[in-house]
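Numbering (the working numbering), first residue to last: 763 to 1254.
Ideal placement from N, C-alpha and C gives every residue a C-beta, glycine not left out.
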Amino acid sequence: MQPALRTPVFFIPGRTSAEQIAYAPLRRLAFSVNSAGEKILRALAGANGGLDAGLRQKPFLEAVERMGLLEELPDAPPGVAESTGGAYQPTTVTLFLTGNCNLHCSYCYARGGDTDSVMPWETAKAALDFVIDNAIATNSLKITVIFHGDGEPTLAWPILTKCIEYAERRCLEEDLACDFEAGMNGIIAEKRLRWLAPKLRNITVSLDGPPDIQDAQRPLSSPGGHERADSLIKGEGMEDERNSSSRIVERSLRILDELGVSYGIRCTITRRSAGRIPEVVEYLCKVSQTADLMLEPSFPEGRAIETDEREVDPAMFVDGFLQGRLIARQHGRRLKYAGARADQITNRFCEAVSGAFNVTQDGRVTSCYEVFAKDDPRIHHFDIGALDPATGRFGVNMDTIRAAAQWTAAEKAPCQGCFARYHCAGDCAAKLSATGDPKDTVNRNRCFVIRELTRAQIFSLYGFGDVTEPSTGWIPQDSPMPSTKLVQIRMA
Ligand code: SF4
Ligand code: SF4
């Protein structure tokens, strides 16, 4: 019988034009091949009509066999559709506690600070009860409560603390563990931070770089923002810094480091900072001891459209990221990008594909962190349910949830030949739905970034050295997808 590959193998441009990296993500294998090796692997996949006598190179075939590539193994990650077929019983809730914010970021997707609405306690309580009941019904050991946008959650202090105290008490009664997480902007009174931080399993703090960048992009200029910041830092000897969000965030990071809690920094790169990424990374390493630095390019949505904060040049972002990655490593840190995660095998970019339980101030359920406003043209993809005020129970639309299971790389035609498909898993549905239906859309600029950064990670993970510049063959063209040398070798 003809030997045949039993797992997908992809080819990634190697260190020289003569080298390809054969990559079998589901077997955690990557190895260097020349054109002859590539030809044999393609033949083993049946892509070239099978092995002919001229290709029967025994030592190479034996090596492929030793690596297990000819062996059938159940190695694919579970499909999303399978996990969205049953009842809707999430045990994680994200509460969008308030639209209020003390910053006025130029690119804010949520237009934080444009409202001061706060979630009513009845809504928060119903959401907490829902996940606790689900945990009991499914014999889960814990619930997770995440405090997130669409404004700055710590500004809704009374409800935030009430949620923590209520969830802790109920979980104690029900013998459940309770994890809390939060995304915050770092503009918070020291006393509050010292109370809150130790309660959180993980924290994400936003900081965009050195003061001239941070203060321009994330100014303390929400309507009433100065006053609120003033009152938050009163008595801390920082009154002279009240116009500078960067100085207050730096102080918050020092407190988090002193407390020894787990946190990461989220840094948004705009056109203003895209040419200064190495400097931005140096700065973040100087003002914080966190291991995790997350860089994301800004995206033209929300306030970014009004402020004309246009898309960052993807090649410039990749170039800066690759340099910043090495700087971060010198400091013992990790530079991350959400779509590039070669260390993970997954079928989902995020939990939006399986109906994440994110609750808005008015009691609606959106599966996406970024798309929640009723007038967002993308909301029909993510609007999965609502609190029924009459019963105090949440109801969801399972058809909308099931439809999202198609947003994955496993389902999308353009992703089939992409080596990043088991890592990226089809990209962010919110970004894709800005231009099309996330079930069959990809964004060539984002794919370029994802693939370049994933390639750099694969090189590091599998010992091929550091990637210091983008692979020129993939610069985005005016085509639906980046021009690429990648070819998927399908399973026989
Ligand atoms: S779809 Fe995109 S923006 Fe929405 S939660 Fe997922 S990753 Fe975040
Ligand atoms: S084609 Fe684009 S969206 Fe699809 S897996 Fe590859 S990088 Fe991700």
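Bridge-paired residues (DSSP) for residue i
i: GLU1058; result: THR1030
i: MET946; result: VAL967
i: VAL907; result: VAL855, PHE942
i: TYR785; result: PHE772, ALA792
i: ASP1150; result: ARG1155
i: ASN1120; result: THR856, THR1128
i: ASP1202; result: None, per the DSSP bridge assignment.
i: ARG1096; result: ASP1054
i: VAL880; result: THR860
i: ALA1102; result: TYR1099
i: ASP1019; result: Paired residue(s): none; ASP1019 is not in a bridge.
i: ASP1145; result: THR1128
i: TYR1045; result: Per DSSP, none; premise fails for TYR1045.
i: TYR1224; result: None; TYR1224 has no bridge partner.
i: TYR1025; result: ILE965
For residue j and residue i, believed in contact at Cβ under 8 Å, the rounded distance
i: ALA1118; j: THR856; result: 7 Å
i: ALA959; j: VAL1023; result: 5 Å
i: ILE1107; j: TYR1224; result: Not a contact, Cβ separation roughly 15 Å.
i: ALA792; j: ALA805; result: Not quite, the Cβ-Cβ distance comes to about 20 Å (not below 8 Å), so this is no contact.
i: SER1050; j: ILE1031; result: Actually they are not in contact, since the Cβ atoms of SER1050 and ILE1031 sit about 17 Å apart, beyond 8 Å.
i: GLY971; j: ARG1038; result: 7 Å
i: GLU943; j: CYS863; result: That belief does not hold up - the Cβ atoms of GLU943 and CYS863 are roughly 19 Å apart, past 8 Å.
i: GLY1125; j: LEU1149; result: 4 Å
i: ARG777; j: PHE1181; result: With a Cβ gap of about 16 Å, ARG777 and PHE1181 do not count as contacting.
i: PRO1076; j: ASN964; result: Not a contact, Cβ separation roughly 29 Å.
i: THR1123; j: GLY945; result: Inspection of the sequence shows that residue 1123 is occupied by Gln rather than by Thr. Rounded, the Cβ-Cβ distance is 16 Å, inconsistent with contact.
i: GLU998; j: GLU952; result: 6 Å
i: LYS961; j: ILE1017; result: Going by Cβ atoms, the distance from LYS961 to ILE1017 rounds to 14 Å, so no, they are not a contact pair.
i: LYS1098; j: LEU1055; result: 7 Å
Distance CB(residue i)-CB(residue j) smaller than 8 Å
i: ARG980; j: LEU865; result: yes
i: TRP1169; j: VAL1127; result: no
i: ALA1102; j: THR1216; result: yes
i: LEU938; j: ILE905; result: yes
i: ASP837; j: GLY874; result: no
i: VAL1211; j: VAL1042; result: no
i: VAL771; j: LEU831; result: yes
i: ALA1053; j: ARG1096; result: yes
i: CYS1112; j: CYS1190; result: yes
i: ILE894; j: CYS933; result: yes
i: LEU1021; j: ILE949; result: no
i: VAL1204; j: PRO1232; result: no
i: LYS1193; j: PHE1061; result: yes
i: LEU955; j: CYS1029; result: no
i: PHE892; j: PHE1156; result: yes
i: ILE1089; j: PRO1040; result: yes
i: CYS853; j: ALA897; result: Cys is not the amino acid found at residue 853; the sequence shown has Thr there. Taking 8 Å as the Cβ cut-off, THR853 and ALA897 qualify as a contacting pair.
i: SER1195; j: ALA1166; result: no
i: PRO775; j: GLN764; result: no
i: LEU982; j: SER1014; result: no
i: TYR1025; j: THR966; result: yes
i: ILE1220; j: ALA1104; result: yes
i: GLY808; j: PHE822; result: no
i: LEU803; j: VAL795; result: yes
i: PRO871; j: GLU1132; result: Residue identity check: residue 871 is Tyr in the sequence provided, not Pro. Going by C-beta atoms, TYR871 is nearer than 8 Å to GLU1132.
CB contact below 8 Å: residue i versus chain B
i: SER1060; result: Among the chains in the structure shown there is no chain B, since it carries only a single protein chain.
Taking 8 Å as the threshold, find out whether the region 889–903 comes into contact with the region 1058–1078 through three or more Cβ pairs. Too few Cβ pairs lie closer than 8 Å, so no.
Assess contact between the region 1042–1050 and the region 1070–1079, defined as three or more Cβ pairs (one per stretch) separated by less than 8 Å. Is contact present? Because the criterion of three Cβ pairs below 8 Å is not met, the region 1042–1050 and the region 1070–1079 do not touch.
Could you please go through the chain and list the residues whose beta-carbon is closer than 6 Å to any non-hydrogen atom of ligand 2? Those residues are ALA1171, PRO1176, CYS1177, CYS1180, ALA1182, ARG1183, CYS1186, GLY1188, ASP1189, VAL1204, CYS1209, ILE1212, ARG1213, given in chain order.
Within 8 Å, do at least three Cβ pairs link the region 830–841 to the region 877–884? With the cut-off at 8 Å, the region 877–884 and the region 830–841 do not touch.
Is it the case that the region 1137–1146 contacts the region 915–927, given that we only count it when at least three CB pairs across the two stretches are under 8 Å? The region 915–927 and the region 1137–1146 do not touch, with fewer than 3 CB-CB distances between them shorter than 8 Å.
Determine contact between the region 1186–1198 and the region 1161–1176, defined as no fewer than three beta-carbon pairs at a distance below 8 Å. Yes, the region 1186–1198 is in contact with the region 1161–1176.
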